[in-house]
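Peer 1: Let me begin by handing over the structure; questions about it come next.
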Amino acid sequence: MNAELVVQLCYLAASILFILGLQGLGSPERARRGVLLAEIGMVLAVAGTLLRHEVITYQWIIAGALIGAAVGTWISLKIPMTMMPERIAFSHAFGGLAVALVGISEYWHLREIGEQMNTLQMTATGLEVLLGAVTFTGSLVAFGKLQGFLSGKPVTFKGQNFFNLVLAVVAVALVLWLVFNPTAFAAFCVLACLALVIGVSLVMPIGGADMPVVICLLNSYAGLAAAATGFSLRNNVLIICGALDGGSGFILGMMMSKAMNRSFSNVLFGAFGSATTTTVAGELPGRAPNQASVEDAVEVLRAARTVIVVPGYGMAVSQAQHAVHELQAALAAGGCTVKYAIHPVAGRMPGHMNVLLAEANVAYDALFDLEQINDEFAAADVALVVGANDVVNPAARTDPASPIFGMPILNADAARSCIVLKRSLNPGFAGIENGLFVSPNTMLVLGDAKKTITAFTQAIKSG
Amino acid sequence: MNAELVVQLCYLAASILFILGLQGLGSPERARRGVLLAEIGMVLAVAGTLLRHEVITYQWIIAGALIGAAVGTWISLKIPMTMMPERIAFSHAFGGLAVALVGISEYWHLREIGEQMNTLQMTATGLEVLLGAVTFTGSLVAFGKLQGFLSGKPVTFKGQNFFNLVLAVVAVALVLWLVFNPTAFAAFCVLACLALVIGVSLVMPIGGADMPVVICLLNSYAGLAAAATGFSLRNNVLIICGALDGGSGFILGMMMSKAMNRSFSNVLFGAFGSATTTTVAGELPGRAPNQASVEDAVEVLRAARTVIVVPGYGMAVSQAQHAVHELQAALAAGGCTVKYAIHPVAGRMPGHMNVLLAEANVAYDALFDLEQINDEFAAADVALVVGANDVVNPAARTDPASPIFGMPILNADAARSCIVLKRSLNPGFAGIENGLFVSPNTMLVLGDAKKTITAFTQAIKSG
Amino acid sequence: MTDLLESLVFGLYIFTLAVFVGFQVLERVPKLLHTPLMAATNAISGISLVGSMVAAGSGRGTVATVMGTVAVAAASLNVVGGFVITDRMLRMFKKREGPRK
Amino acid sequence: MTDLLESLVFGLYIFTLAVFVGFQVLERVPKLLHTPLMAATNAISGISLVGSMVAAGSGRGTVATVMGTVAVAAASLNVVGGFVITDRMLRMFKKREGPRK
Ligand SMILES: NC(=O)c1ccc[n+]([C@@H]2O[C@H](COP(=O)([O-])OP(=O)(O)OC[C@H]3O[C@@H](n4cnc5c(N)ncnc54)[C@H](OP(=O)(O)O)[C@@H]3O)[C@@H](O)[C@H]2O)c1
Ligand SMILES: NC(=O)c1ccc[n+]([C@@H]2O[C@H](COP(=O)([O-])OP(=O)(O)OC[C@H]3O[C@@H](n4cnc5c(N)ncnc54)[C@H](OP(=O)(O)O)[C@@H]3O)[C@@H](O)[C@H]2O)c1
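Chains as they are written, first to last, in our numbering: chain A, 1 to 463; chain B, 464 to 926; chain C, 927 to 1027; chain D, 1028 to 1128.
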């Protein structure tokens, strides 16, 4: 009994440390200490588990842990910051796999020793395997699409929604069946395989650019699966972490869909992906965009006292964050104030731009949220749009027919002049034209953002 | 089993509703709906309990509930808002009583049927009876002091701290003894009586004005006692409510002691009351206070474009809140802007001034916290100090020797002129002189605040 | 896990989590509403009613029942009184200027 | 209460309270740190390691053990990888201007 109490107290302490750790992420100063607390929590949880009397052999645990830790460390140290969305999809896949395997192995073990699960265990294990396996294949597909192994295009066929619905109903029916017939091994196997199929068929129809929302959704599923494991193993730390994890996916997904002006229930119930498929070209005033050379733009920048940089997905594509920081330094050396305006869904992941700019040593107190900075554009000399598009599209304010109408955007068009860096006249993620590019006080400098900015910096330094 | 499940789900729902209810108190718009949710939660909890199979007779429950509800409603409808501190002390006493009686009756019942408590139950019951009984008598003494039944003066004798310490040690020892000898009935009785004594001897030495901090402390004790009941009866809703209640007492106590510039650990460990006993008369510039007549003050008020009212304990004493609102209306009719500056510990209870002004129909968006309004005094024509003293004492900013040095205060002295209403030249709660009263741009109008303000209003209306 | 241990452990989990929830919720209550907050937690603390009802209504002999009944009365005084006064206070908080007398 | 019912009920309490705690904590994470947050919850979700270890280390026959071992590897990949990358990201967030290259 005493060892058992120690185990339970370890788990309790771990749960507290995880919560305190996430609380630490409430501010950048306390964030690293928070992560340290969470790490200690994880060590305690593992140590507690090693003390459990069921655990009698260690070699397989050690082997698995060493392999996992080695691969995990290697990937995490090597991966460039621009590939974070891929990395997160990838690790959701492993999270789902682990949970599903725990459920399957538990079921298998009881079957081997001739016992059967009680109602609660069977319900929890069924949901655990279902959600875990869906997360596994779903995240793999998401990863493939982001990475380019799979076509980023939505892969659809007629009746797909109906097909998915049928699969989901069958899966739930199988779980119910198992609850009343826990020994129905065949049903269990079918459930597991079906869940793998559901994961694929849920994510295949969705366009690559919509992946971030899908990933948050899968994050929530993974959390729920872990919580279900907690119910079936009567393990509270699993329930708590599952709830924290599921909640984080849910909150980030909600925030994203709000900032993208879609109803979250649409996102939850699979109606996303539509924006990519229905490309509505908003009507533009028949003006030609005002293309400008690097020299013209540099002249404007030299005269500016305040510049607001608006980074977007294009900055990530061209890895221009370091170049941007150098430009900031060059401008600041000339006495100009440089601020960054970060739209909540700029890039392809919540907080994407913040991490990239932090990587390039930009101090985070120079980064401002939409609400903080939007009124300052009117007083700014230059808004420098580095590979952003949808998040500065004035149609969101003015054109009720636009698919992004109502989405809060950065008022780059309010600045005295606006310099836009992009490679072509192609639209951005939402697939719609952008009136900002043809506005008279916009200068469009075509070309890769990194190259263009480096050229700016050189010209400003040498001049 | 099914009835049991229903009971448990009622309790779970009740817990959720209590949490949502307190969340509602996060803003005045949602507060009433929040309280409604909490009420529904309470109904569910009671309904669930009636379904429990242990509960077989209803007449005593109904009798008790009717009496309690009738008395509670009557008191709550009749009591004037100025008596809230008394009312809260009073109901803590009943909370402590209920918890202690539950523990005693549980113990008695098991003894009668010849069973004995297990370790967990006995620990929890011991703590429950201890904390409950301390809260009971402690709150009664606090009530008596606030109400004037008992002398508000600190009642002390030599060696008191040592005496209290001994009592506490004995009580804890008795609990431990009971854990190992749950059938020691005599020890149980001694524990209960001793706890009653501790409650009295803990609160007697503390001055009437320090009661609010004591009340918060007793609130925390009551919460912990309820949580202990939850452990002994294995009732989660009790544990959750106990934690919420204990947390609220703790947070309010911490906030108060911070705003009063005392360390909370001092307060927790009984070092409060000291400010009342060590009356340090701060040195004042040898100027005589600038006493003024109602007419002089009215002249200044008539000329003012912006007036900031600083209410304090004196407003509660003289029940001047309605008069203040009428003055506000009269001034506003003349085109003057009137705002209220609410210090976090003005009055004798957290939020005291807010409730009084709300009672007098003052809109809550005219009330401002210290941080919100402190910079506005410099631009105000008049600071009208209605029975406040310590919270506007500039010594807190300037005199390191003052006992309130470092406490954040309202900068009433920064206004162009300052009108102070009080009855005499006596000091306020902290017992120290106030340099504001002798400052050259202060006008001191002596007299009861309500009478003075009514005179102001009449003069302004008629003029 | 023994039964005893299990209820201790689960109780500790619930208590700890409730403390977290409580702190986070209560921290966000504005100073404006601190007095109603005190009254509302007072009402909620009347939840000991749930324990008192069992003590009063389980047919446990005179002494236990009398104590239970007194506990029921004390707890329901808090519950009902606390909610009534909280609501009475909150009704007074108004955003726009109310009618003047 | 039956054993089964009790663990269901306690589990529901813990889940519910944890959801409250989670929402309140996560709502306060600034947008600035949303990417590190995703990585950190990723690491924490590796807590399924705790279940995997039992599956891999309880001497339950080949099939169960192999599955358990794979699960341990997958979960510890998330735990270790998640914490490493979170820390790597957070180290990049600086308040004052860092040295320029
Ligand atoms: N952040 C999230 O969490 C999230 C999640 C899901 C969806 N989204 C969506 O993603 C969009 C984000 O908006 P955004 O303004 O950041 O990006 P965007 O609208 O996708 O536009 C990116 C722009 O960058 C340009 N670009 C690409 N590569 C470039 C390079 N190497 N050099 C210079 N320019 C380059 C592209 O134009 P060219 O091709 O002409 O160069 C394009 O106009 C929003 O619609 C949002 O709803 C965001
Ligand atoms: N709010 C809380 O939670 C709390 C809790 C515990 C302690 N406290 C303490 O209480 C104090 C509160 O400060 P405070 O400025 O509000 O009050 P205060 O410093 O106690 O002063 C009250 C003033 O009101 C005057 N007064 C009393 N009755 C009056 C009447 N009928 N008409 C006009 N004036 C009258 C008194 O002067 P005369 O006697 O000359 O009339 C006195 O100067 C602080 O020291 C604080 O630390 C507050």
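Every residue gets a Cβ at the ideal spot worked out from N, C-alpha and C, and that includes glycine.
1) What first and last residue would you give for the beta strand (DSSP E) that runs through B:Thr905?
2) Does the distance from the C-beta atom of B:Leu641 to that of B:Gly589 stay below 8 Å?
3) Pull up the DSSP beta-bridge partners for B:Ala647, would you.
4) Under 9 Å between beta-carbons, which chain A residues line up against C:Leu931? List them in chain order, please.
5) Can you name, in chain order, every residue of its own chain whose Cβ lies under 6 Å from the Cβ of A:Leu20, other than the five neighbours on each side?
6) Which residue's Cα is closest to the Cα of B:Ser711: B:Ile703, B:Asn724, B:Ser683 and B:Leu687?
7) When we look at the beta-carbon of B:Pro863 and count the other beta-carbons within 10 Å, is it buried (16 or more) or exposed?
8) What first and last residue would you give for the alpha helix (DSSP H) that runs through C:Phe1009?
9) How big is the Cα-Cα spacing for A:Gly24 and D:Val1056?
10) Are the CB atoms of D:Tyr1040 and C:Ile940 within a distance shorter than 8 Å?
11) Could you give the distance in angstroms between the alpha-carbon of B:Asp423 and the alpha-carbon of B:Leu830?
12) Report the rounded CA-to-CA distance for B:Glu758 versus B:Ala922, giving the unit in angstroms.
13) For D:Ile1071, does the count of other Cβ atoms within 10 angstroms reach 16, so buried, or fall short, so exposed?
14) Taking the alpha helix (DSSP H) that A:Cys216 belongs to, which residues open and close that run?
15) Apart from the five residues on each side of it in sequence, which residues of its chain come closer than 6 Å, Cβ to Cβ, to C:Thr961?
16) Nearest chain C C-beta to B:Arg941 closer than 8 Å, yes or no?
17) Leaving out five residues on either side along the sequence, give the residues of the same chain with a beta carbon under 7 Å from the beta carbon of C:Leu934.
18) Tell me whether A:Tyr340 counts as near ligand 1, meaning its Cβ is closer than 7 Å to at least one heavy atom of that ligand.
19) Can you pull the chain D neighbours of C:Ala944, defined as C-beta to C-beta under 7 Å?
20) Alpha carbon to alpha carbon, what distance is there between A:Leu202 and A:Ala412?
21) Taking 8 Å as the cut-off, decide whether the C-beta atoms of B:Ala655 and B:Ala596 are in contact.
22) In the DSSP assignment, what residue or residues form a beta bridge with B:Gln754?
23) Consult DSSP for A:Thr306 and reduce its assignment to one of helix, strand or coil.
24) Keeping to the same chain, check which residues put their C-beta closer than 8 Å to that of B:Gly736; ignore five residues upstream and five downstream.
25) Which residues, in order along the region 685 to 701 of chain B, keep a beta-carbon less than 7 Å from a beta-carbon of chain D?
26) Determine the chain D residues that contact A:Ala392 at a beta-carbon separation under 8 Å, and present them in chain order.
27) Rounded to a whole number of angstroms, what is the C-alpha to C-alpha distance between B:Gly745 and B:Asn897?
28) For B:Leu593, which residues of its own chain have a beta-carbon under 6 Å away from its beta-carbon, when the five flanking residues on both sides are left out?
29) Entirely within the region 58 to 116 of chain A and at least 3 residues each: give me those beta strand (DSSP E) ranges in chain order.
30) Could you name the residues of the region 18 to 44 of chain A whose beta carbon sits closer than 8 Å to any beta carbon of chain C, in the order they occur along the chain?
31) Could you say which of A:Gly463, A:Val200 and A:Val420 lies nearest to A:Phe136 if we only look at CA atoms?
32) Apart from the five residues just before and just after B:Met812, which ones in its own chain have a Cβ nearer than 7 Å to its Cβ?
33) Quick check on D:Val1052 - is its C-beta less than 8 Å from some C-beta in chain B?
34) Quick one: is the Cβ of A:Phe437 within less than 7 Å of any heavy atom of ligand 2?
35) CA-CA distance, B:Tyr521 and B:Met505?
36) Give the straight-line distance between the Cα atoms of A:Ala346 and B:Leu794, rounded to the nearest whole angstrom.
Peer 2: This is what the structure holds:
1) The count along the second sequence starts at 1 and reaches residue 905 of chain B at position 442. In the DSSP assignment, B:Thr905 falls within the beta strand (DSSP E) that extends over Thr905 to Leu909.
2) Here residue 641 of chain B corresponds to residue number 178 of the second sequence, with the count starting at 1. Here residue 589 of chain B corresponds to residue number 126 of the second sequence, with the count starting at 1. Yes, Cβ-Cβ distance for B:Leu641 and B:Gly589 is below 8 Å.
3) On the second sequence, residue 647 of chain B is found 184 positions in, with the first residue counted as 1. In DSSP, B:Ala647 forms no bridge with anything.
4) Looking up residue 931 of chain C in the third sequence gives position 5. The contacting residues are Met1, Glu4, Leu5 and Gln8.
5) Along the first sequence, one-based indexing puts residue 20 of chain A at 20. Closer than 6 Å at Cβ, skipping near neighbours: Leu37.
6) In the second sequence, the residue the question calls residue 711 of chain B occupies position 248. Ranking B:Ile703, B:Asn724, B:Ser683 and B:Leu687 by Cα distance to B:Ser711 puts B:Ser683 first.
7) By 1-based counting over the second sequence, the position of residue 863 of chain B is 400. B:Pro863 comes out exposed.
8) Residue 1009 of chain C sits at position 83 when you count from the first residue of the third sequence. Thr988 to Met1018 is the extent of the alpha helix (DSSP H) around C:Phe1009.
9) As a working note, residue 24 of chain A is residue 24 in the first sequence. As a working note, residue 1056 of chain D is residue 29 in the fourth sequence. Cα to Cα, A:Gly24 sits roughly 9 Å from D:Val1056.
10) As a working note, residue 940 of chain C is residue 14 in the third sequence. As a working note, residue 1040 of chain D is residue 13 in the fourth sequence. When the beta-carbon positions are compared, C:Ile940 and D:Tyr1040 come within less than 8 Å of each other.
11) Limits of chain B in this structure are 464 at one end and 926 at the other, which puts residue 423 of chain B out of reach.
12) Residue mapping note: residue 758 of chain B aligns to position 295 of the second sequence, counting from 1. Residue mapping note: residue 922 of chain B aligns to position 459 of the second sequence, counting from 1. Taking the straight line joining both Cα atoms gives about 8 Å.
13) Residue numbering aside, residue 1071 of chain D sits at position 44 when the fourth sequence is read from its first letter. So D:Ile1071 ends up on the buried side.
14) Taking the first sequence and counting its residues from 1, the one referred to as residue 216 of chain A is at position 216. Start and end: Met211 to Leu233.
15) If you number the third sequence from 1, residue 961 of chain C lands on position 35. Taken in chain order, the list of residues that qualify is empty.
16) Not covered by the structure: residue 941 of chain B. The range shown for chain B is 464 to 926.
17) Translated into positions along the third sequence, residue 934 of chain C becomes position 8. Correct list: empty, nothing qualifies.
18) Position 340 of the first sequence, counting from 1, holds the residue named residue 340 of chain A. Answer for A:Tyr340: no, Cβ out of range of ligand 1.
19) On the third sequence, position 18 is the one that residue 944 of chain C refers to. By Cβ distance, chain D contributes Leu1044.
20) Indexing the first sequence from 1 puts residue 412 of chain A at position 412. Indexing the first sequence from 1 puts residue 202 of chain A at position 202. If you take the alpha carbons of A:Ala412 and A:Leu202, they lie about 37 Å apart.
21) What you label residue 655 of chain B is simply residue 192 of the second sequence in a count that begins at 1. What you label residue 596 of chain B is simply residue 133 of the second sequence in a count that begins at 1. The beta carbons of B:Ala655 and B:Ala596 sit closer together than 8 Å.
22) Position 291 of the second sequence, counting from 1, holds the residue named residue 754 of chain B. The secondary-structure analysis by DSSP pairs B:Gln754 across a beta bridge with B:Leu907.
23) What you label residue 306 of chain A is simply residue 306 of the first sequence in a count that begins at 1. DSSP places A:Thr306 in strand when its eight states are reduced to three.
24) Within the second sequence, residue 736 of chain B is the residue found at index 273, counting from 1. With a pLDDT of 42 at B:Gly736, under the threshold of 50, the modelled position of that residue is not reliable, and the figure given next carries that caveat. Excluding sequence neighbours, B:Gly736 sits near Pro617, Pro668, Ile669, Gly670 and Asp673.
25) Listed in sequence order: Asn699.
26) As a working mapping, residue 392 of chain A is identified with position 392 in the first sequence. It is Val, not Ala, that sits at residue 392 of chain A in the sequence shown. The contacting residues do not exist; A:Val392 stays about 17 Å from chain D at best.
27) Counted from its first residue, the second sequence places residue 745 of chain B at position 282. Counted from its first residue, the second sequence places residue 897 of chain B at position 434. Confidence at B:Gly745 is low in this model, with a pLDDT of 49, below 50, so its placement is unreliable and no value can be given for it.
28) Within the second sequence, residue 593 of chain B is the residue found at index 130, counting from 1. Correct list, in chain order: Ala634 and Ala658.
29) You should have found no qualifying run.
30) Flagged, chain order: Ile19.
31) Within the first sequence, the letter at position 136 stands for residue 136 of chain A. Distances from the CA of A:Phe136 to each of A:Gly463, A:Val200 and A:Val420 were compared; the closest alpha carbon is that of A:Val200.
32) The residue given as residue 812 of chain B occupies position 349 in the second sequence. Excluding positions up to five away in sequence, the list reads Met547, Pro548 and Pro675.
33) Numbered from 1 along the fourth sequence, position 25 holds the residue referred to as residue 1052 of chain D. Against chain B, the CB of D:Val1052 has no partner CB under 8 Å away; the residue lies outside that interface.
34) Along the first sequence, read from residue 1 onward, the residue named residue 437 of chain A stands at position 437. A:Phe437 Cβ: outside cutoff for every heavy atom of ligand 2.
35) Translated into the one-based positions of the second sequence, residue 521 of chain B becomes position 58. Translated into the one-based positions of the second sequence, residue 505 of chain B becomes position 42. Taking the straight line joining both Cα atoms gives about 18 Å.
36) Indexing the first sequence from 1 puts residue 346 of chain A at position 346. Indexing the second sequence from 1 puts residue 794 of chain B at position 331. Taking the straight line from one Cα to the other gives about 51 Å.
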